[in-house]
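The sequence shown runs -39 to -1, 1 to 544 under mature numbering (1 follows the signal peptide of the UniProt record, and there is no 0).
Quick reminder that beta carbons are idealized off the backbone N, C-alpha and C, glycines included.
On a predicted model such as this, the values are computed, not experimentally measured, just so you know.
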Amino acid sequence: MAVTERNDPTTRRSPRRRGTLLACAAVASTLAFSTVACGTEEEPLHSIGYAIDNTVTTYNANTVDGAASGARQAFARVLPGFGYVGPSGRVIADTDIGTASVVPGEGLTVQYRLSPDAVYSDGVPMSCDDLVLAWAASSGRFTAPDEAGKQVPLFDAAHRGGYADIDRVDCRPGSKEATVVFRPGREDTNWRSLFSATELMPAHVAAGRSGVADLVGAITTNDTDAVRRIAEFWNTGWSLTPGEIDPALFPSAGPYRIESYTAEDGLTLVANERWWGNAPGTDRIVVWPRGTDVSAAAEDGRIHVVDAAEGSIGHSNLGDGAEVSTVVSRNLEQLVFATSGVFQDPAARRAVALCVPRTQLFDELGASDESDGVTGPITSRLLAPDSPLYPQTAPSAERYAEVDIDAARSEREASGQDRMQVRIGYLGPDDRRARTLELIGESCREAGIDIVDAGSDTFAPSQLTAGEVDAILVGTATAAGAGGTADMEDARDALHSGAGSNVGGYSIGRVDELLDGLLVARDNAAVAGLATEAERILWGDVPTLPLFAQPRTIGFAAGIHAGVPNPTTAGAGWNMDRWILRG
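Take a look at the structure:
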C-alpha cells in the first residue's frame, strides 16, 4: 500500500469530544507509515481486535447487500485495488497493486498495469481478467428477461457509475495489462475511483466455480449462457457464514488473508505470506462485526479499535488512555422509501417527509457543533456539505425544514389513504436508529401516519425491494454502517434507475440524465446546474429523505501506532496493515 496519509497527532481528541470532517481529513500527509516502533522498546502485540457496527456476510462488497454490509471495512487490505479511500474521502492511488495512466488521444482511454509481483494468496497471479470481471459485473450491460419479460441485470451489482460508461476492456487473458476504453463523450471525471479496493474480485475463482474456462472470452463475446453462470456465482458464491469457511473461495491479493471466521472468535485476518509489498505491522487482525461475540471480546480486552455510529453499540470501552473521537462522517443518515405499496404515490412520501422532525433529529442525534461545518439537516443528496455548491440546494428543501402536520395530513389524503402504516427496517439492535423512529413516530402519528419499527439483526436493503418493509433507515447508498465519500458518487448512483443500490425502485428518466451528466461535468457551473435541477425533482418526488451527517465514534486503544480516523466508507481499517500495538 503506497500510503500517502498519516496520523497527525494534532487531530486526535480526548474521549467524547467532537471532531470535524475537515479536521479528520487533515490527517492527510505525504509520509508513508513506518513499521518501526515509535518511542517504546516493548514487544508489540501480535493481534489487534477491530469492532465495527455492521455485519460481514460476504467477501463480495459489490453486490447490493454486500455493499451495504461491513465488507468494505473488513477487506480493504485483503482485496486491494488501484486506489483506496483516504480520510479526506477521496481516492488515493495504491501503486502496490499497479498504475493507471490516461492514453493520449480523443476520448478517454486508460492503461492499467498490474504489478509484475501481484499474486493471490493461492499462488494465481492477478491479471487483467480481474478488471474484466469487475467491469462486466457493474456495467449493467449483461441482462436477461425476468418472469414478467422485463430485462434485468444478470449481476446483482450495487453500483454502476463509471463502469456503465466503459465501452470495452482490452485484455489478453492472464496478462498484467488492460486498456479500458470509455464511450465517446463519456470522459468520466472520477475514473480514478474505478477498480479500487474491494472491487477486484479473484476472476479465476469465479471462472473455476462457474465452469467457464475462458472468462474473458465469454464476457467479450457476449456468451450469455457462460456469463449467466459467472453471474450466478458472483452474486452468491462468496457468501460468508461463521463456522463455514472454504479457504479456496477466498484468496487474497493484499497484506492480509482470511484465516477463519466464527461467532466466538470473530473474523480472523492473518499476514498473507505471498504479499509482495511492505509486510503488515501486526501479524493478526481480528474483525468483530455484528453477529459475533463482540461484547465478550470487549470485556476480555480483545478489542483495540472501534468504528461505529455514535451511540449505536455499547462496547466502545477501549481502556485507559484510549484516544476516542466523535467525528462528522461522510455518511448520510436517511430514509429510503419504496416506490410501490403504501408509497406508490409520491404524495404519500411527501406526507412522511413533512411530519419527520428533521431539526429535532439533527439536534439530538446529529452533529450540532457549528464548527463542524454541518449546521443543520442535510439539504442535498448529491453534493457534500463541505462543497462550495452545497448551499445552492437549500431552497428545494425548504418545504421540509420544519414539521407541518396539516400539510402532511393533506398529502396523505391526496394519496388516497385514510391512515398509513409504515414499516421501517434497519440493522439492529441499534439504540440510535430506534430512537430516530421513536421521534418520527411521535411526530407523524398526529398526521394519521403510524410508524412501525421493523429493525432486525437479519436486515438487508434488498428487503425493501422484496416488499418486506416500506422504507429503510440507512446511510449513504443503503450502508448499514460506515459509508460515504467526498465525491458523492455512490450517493448519486443509488438514485439512478440502473443501479442495484436503488433498492426503492425510483425511476425518472430526467433524473437519470442529470446523474449521468454529473459523471462527466468538468466545472462548478455545470455541476451546480445539474445538481440543482435534480434536487428540485427529488424534493418533489422524495424517493429518499436526507436527515443528517452521521456522527461516528472512532477509537484506538492506548499504544496503537498509525491509528487514523477515516469517517468514510473505508472505515478505520483502511490502513490496518500499518497498525502496531505496544503494550
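- From the DSSP output, which residues share a beta bridge with D268? I13 and I515
- Would you report the Cα separation of Q511 and G436, rounded to the nearest angstrom? 8 Å
- Task: Just list the beta strand (DSSP E) runs in the segment 294 to 368, keeping only unbroken ones of 3 residues or longer that don't cross its boundaries, in chain order.
- Result: none
- Using 8 Å as the threshold, is the segment 502 to 522 in touch with the segment 334 to 343, meaning 3 or more CB pairs across them? yes
- Quick one: is the Cβ of S62 within less than 6 Å of any heavy atom of the ligand SAM? As presented, the structure is devoid of all ligands, the ligand SAM included, so that no description of it is given.
- Query: What do you reckon, are the CB atoms on A270 and I264 nearer than 7 Å?
  - Reply: no
- Item | Rounded straight-line distance, which links the Cα of D538 to that of V297 | 35 Å
- Query: With respect to the alpha helix (DSSP H) encompassing R251, which residues constitute its N-terminal and C-terminal limits?
  - Reply: Element bounds for R251: n/a, residue is neither H nor E.
- Alpha carbon of T253 to alpha carbon of A455, nearest angstrom: 29 Å
- Query: Which of the three DSSP states, helix, strand or coil, is assigned to V382?
  - Reply: The displayed chain sequence assigns Gln, not Val, to residue 382. Here Q382 sits in strand by DSSP.
- Message: Tell me which residue opens and which closes the alpha helix (DSSP H) that L479 is part of.
- Response: G470 to V481
- Query: Under 7 Å, do G101 and P114 count as touching if we go by C-beta distance?
  - Reply: yes
- Which residues mark the beginning and the end of the alpha helix (DSSP H) in which A29 is found? V25 to A29
- May I ask you to report which of helix, strand or coil DSSP gives I219? strand
- Are the segment 143 to 156 and the segment 186 to 198 touching, with three or more C-beta to C-beta distances below 8 Å? no
- Do we get a CB-CB distance below 7 Å when we pair P5 with the residues of chain C? Among the chains in the structure shown there is no chain C, since it carries only a single protein chain.
- Item | Closest Cα partner of A358 within the set D391, G389 and T320 | T320
- Message: Closer than 8 Å is the cut-off here; do at least three beta carbon pairs connect the segment 467 to 480 with the segment 273 to 288?
- Response: no
- Query: Could you give the C-beta distance for Y45 and W535, rounded to a whole number, given that I count them as a contact under 8 Å?
  - Reply: 6 Å
- Let me know if V52 comes out buried or exposed under the rule of 16 or more other beta-carbons within 10 Å of its beta-carbon. buried
- Query: According to the Cβ coordinates, are D126 and D90 closer than 7 Å?
  - Reply: no
- Going by the CB atoms, is the gap between V141 and G71 shorter than 7 Å? Note on residue identity: the sequence assigns Val, not Gly, to residue 71. Going by C-beta atoms, V71 is nearer than 7 Å to V141.
- Query: Starting from T185 and walking both ways along the alpha helix (DSSP H), at which residues does that stretch end?
  - Reply: T185 to T197
- Task: Could you tell me the boundaries of the alpha helix (DSSP H) in which L400 lies?
- Result: D392 to C405
- May I have the straight-line CA-CA distance separating D117 from N15, to the nearest angstrom? 20 Å
- Message: Can you find the residues in the same chain that come closer than 6 Å, C-beta to C-beta, to G520, ignoring five residues on each side of it along the sequence?
- Response: L542 and R543
- Task: State the beta-bridge partners of V430 as determined by DSSP.
- Result: Answer is none; V430 lacks a bridge partner.
- C-alpha distance - V464 paired with L293, whole-angstrom precision: 16 Å
- Query: In whole angstroms, what is the alpha-carbon distance linking A308 and V317?
  - Reply: 14 Å
- Where DSSP assigns a beta bridge to Y73, which residues make up the other side? A61 and A139
- Message: Give me, in chain order, the residues of the same chain whose beta-carbon lies closer than 6 Å to that of E407; leave out the 5 immediate sequence neighbours on both sides.
- Response: I366
- Query: How many Å lie between L228 and G282 at the Cα?
  - Reply: 26 Å
- Would you mind giving the Cβ-Cβ distance between E160 and R74, rounded to the nearest angstrom? I have them listed as a contact below 8 Å. Wrong, their Cβ atoms sit about 17 Å apart, outside the cutoff.
- Task: Just confirm the distance between the C-beta atoms of L398 and L434, as a whole number of angstroms; I'd bet it's less than 8 Å.
- Result: 7 Å
- Query: Is DSSP giving D244 helix, strand or coil here?
  - Reply: coil
- How about R393 and G490: do their beta carbons lie closer than 7 Å? no
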